[in-house]
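Read in order, the letters of the sequence shown are residues 14 to 295 in our numbering. Glycine residues also receive a C-beta, built at the ideal position from the N, C-alpha and C atoms. This structure is a prediction, so every number in the text was calculated from the model and none was measured.
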Amino acid sequence: MRVSIQDLKAYKARGERFSMLTAYDYATACILDAAGIPVLLVGDSLGMVALGHETTLPVTLDDIIHHCQAVVRGARNALIVADLPFLTYQVSPEEALRNAGRLIQEGGAQTVKLEGGRELANTVERIVTAGIPVMGHLGLTPQSVNQLGGFRVQAKTVETIRELVSDAHALEAAGAYALVLECIPTAAAKIVTDSVSIPTIGIGAGPECDAQVQIITDLLHLIPGRIPKHARAYMEVGDLIRQAVEQYDADVRGGIFPTEKESFALPKGVDLEALNVTLDEG
Ligand code: KIV
């Protein structure tokens, strides 16, 4: 059975930590689902780590829908969360609801995620009231990178921690079922985690959150040179892929690939002489 938002709330109530990972394609979704990862996020980080943009700002709703469909086809058990990209929910609650609806109807996600605090409480309430679960996202909100002056750690003062807590309360009251906390000090994440009844999911927010999320390409170190401070490369998959394709290239050039094993023979009894092909026929 697919993981539900009620399961996530129950994990928090029981004090059970859980993990979330981003996924952007079918093959990866199959692997993460088989590994038992309970929540997959089709994040707008796909703009940076799958499409090569410098920020998440160019990502469109159609991009997320396209990738979400592939992830949904690969993951039968995980809860699928789809990101609402930049400017698809900030203009009005009605537009946000329509766009959230497309992620559910066309993308096949079960829930959506959006970035922002108190100012979006009405929007969150509008979407949730229509039956679409919403995950909030506080702290470093990458869609506001230009406002924040870069991808920087947030909530470093008493005043900004106070605002963070008040945003978390507003989102919970508006009906959000979980909160991503990105790039904030551990102490700030603990205060938020202790003060809400919905699960907090940290990325660069220390070990005190109820759950953790990582970007899959960081966990596997697929992109040379990209390891954010908050990430850990669990395996050098980028190196493994490079070694594999270098070997393939050498084998093709050396006539070692393919062999009979990777080739198809004609059925017995097919007489090629009957073709009557001469070499200079072209
Ligand atoms: O887009 C994304 O991958 C995210 C995670 C960093 C939480 O929002």
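*Helix, strand or coil at Met248 according to DSSP, with G and I counted as helix*: Per DSSP, reduced to three states, the secondary structure at Met248 is coil, with no helix or strand assignment.
_Completely contained beta strand (DSSP E) runs for the stretch 186-239, where each covers 3 or more residues_ = Whole beta strand (DSSP E) segments, 3+ residues: 191-195, 213-216 and 224-227.
*How many whole angstroms separate the CB atoms of Lys203 and Glu221, which I take to be in contact at a CB cut-off of 8 Å?*
Right, their Cβ atoms sit about 4 Å apart.
*Can we count Gly56 as close to the ligand KIV, meaning its CB is less than 6 Å from some heavy atom?*
Checking every heavy atom of the ligand KIV against the Cβ of Gly56, one is found closer than 6 Å.
*With a threshold of 6 Å, establish whether the CB of Val230 neighbours any heavy atom of the ligand KIV.*
The sequence given here places Thr at residue 230; Val does not occur at that position. For the ligand KIV, not one heavy atom lies less than 6 Å from the Cβ of Thr230.
_Let me check you understand the geometry: is the CB of Thr35 closer than 6 Å to at least one non-hydrogen atom of the ligand KIV?_
Thr35 Cβ: within cutoff of the ligand KIV.
*Give a yes or no on whether the C-beta atoms belonging to Ala88 and Asp46 are separated by under 7 Å.*
Yes.
*Which residues mark the beginning and the end of the alpha helix (DSSP H) in which Ala26 is found?*
Counting along the chain, the unbroken alpha helix (DSSP H) around Ala26 starts and ends at Ile18 to Arg27.
*For Asp96, is the beta carbon positioned less than 6 Å from some heavy atom of the ligand KIV?*
Yes, Cβ of Asp96 sits closer than 6 Å to a heavy atom of the ligand KIV.
*Cross-strand partners of Val52 (DSSP beta bridge)*: DSSP lists Met33 and Leu92 as partners of Val52.
*Just how far apart, CA to CA, sit Gln82 and Gly120?*
Roughly 5 Å separates the two Cα atoms.
_For the ligand KIV, I want to know if Val193 counts as a neighbour, meaning its beta carbon is within less than 6 Å of at least one of the ligand's heavy atoms._
Set against 6 Å, the gap from the CB of Val193 to the closest heavy atom of the ligand KIV is smaller.
*What do you get for Val193, buried or exposed, if any count of 16 or more other CB atoms within 10 angstroms of its CB means buried?*
When all chains shown are included, Val193 counts as buried.
*asked:* Nearer than 6 Å: is that true of the beta carbon of Ile240 relative to any heavy atom of the ligand KIV?
replied: Answer for Ile240: no, Cβ out of range of the ligand KIV.
*In three-state terms, what does DSSP make of Gly149?*
Under the three-state reduction of DSSP, Gly149 is assigned to strand.
*Given a threshold of 16 other Cβ atoms within 10 Å of its Cβ, counted over all protein chains shown, does Tyr247 qualify as buried or as exposed?*
Around the beta carbon of Tyr247, a 10 Å sphere encloses fewer than 16 other beta carbons of the protein chains shown; the residue is thus reported as exposed.
*Following the continuous alpha helix (DSSP H) through Val84, name the residue where it begins and the one where it ends.*
Residues Leu74 to Gly87.
*Please determine, among Pro98, His80, Arg86 and Val94, the residue with the shortest C-alpha to C-alpha distance to Thr69.*
If we check each option's Cα against that of Thr69, Pro98 comes out closest.
*Locate the beta strand (DSSP E) running through Val283, then write down its first and last residues.*
Per DSSP, Val283 is not a residue of any beta strand (DSSP E), being assigned neither H nor E.
*Rounded separation between Lys169 and Leu53 - CA only*: Their Cα atoms are separated by approximately 29 Å.
_Please determine whether the Cβ atom of Ile50 lies at a distance below 6 Å from any heavy atom of the ligand KIV._
For Ile50, the shortest separation between its Cβ and any heavy atom of the ligand KIV does not lie below 6 Å.
*Have a look at Leu161 and Gly268 and give me their C-alpha separation to the nearest angstrom.*
When rounded, the distance between both Cα atoms is 55 Å.
_I need the boundaries of the beta strand (DSSP E) containing Thr124, first residue and last residue._
For Thr124, the enclosing beta strand (DSSP E) stretches over residues Thr124 to Lys126.
*Spell out a yes or no on whether the stretch 248-258 and the stretch 56-66 are touching, meaning 3 or more CB-CB pairs, one atom from each, closer than 8 Å.*
Segment contact: the stretch 248-258 against the stretch 56-66, fewer than three CB-CB distances shorter than 8 Å; contact not assigned.
*Excluding the 5 residues preceding and the 5 following Ile77 in the sequence, name in chain order all residues of the same chain whose CB lies nearer than 7 Å to its CB.*
Taken in chain order, the residues that qualify are Val55, Asp57, Ala95, Asp96, Pro98, Leu116 and Gly120.
*Any non-hydrogen atom of the ligand KIV closer than 6 Å to Ile216 Cβ*: Result yes, Cβ under 6 Å from the ligand KIV.
*asked:* Which of the three DSSP states is assigned to Gly129 in this structure?
replied: Residue state for Gly129 is assigned as strand, using DSSP reduced to three classes.
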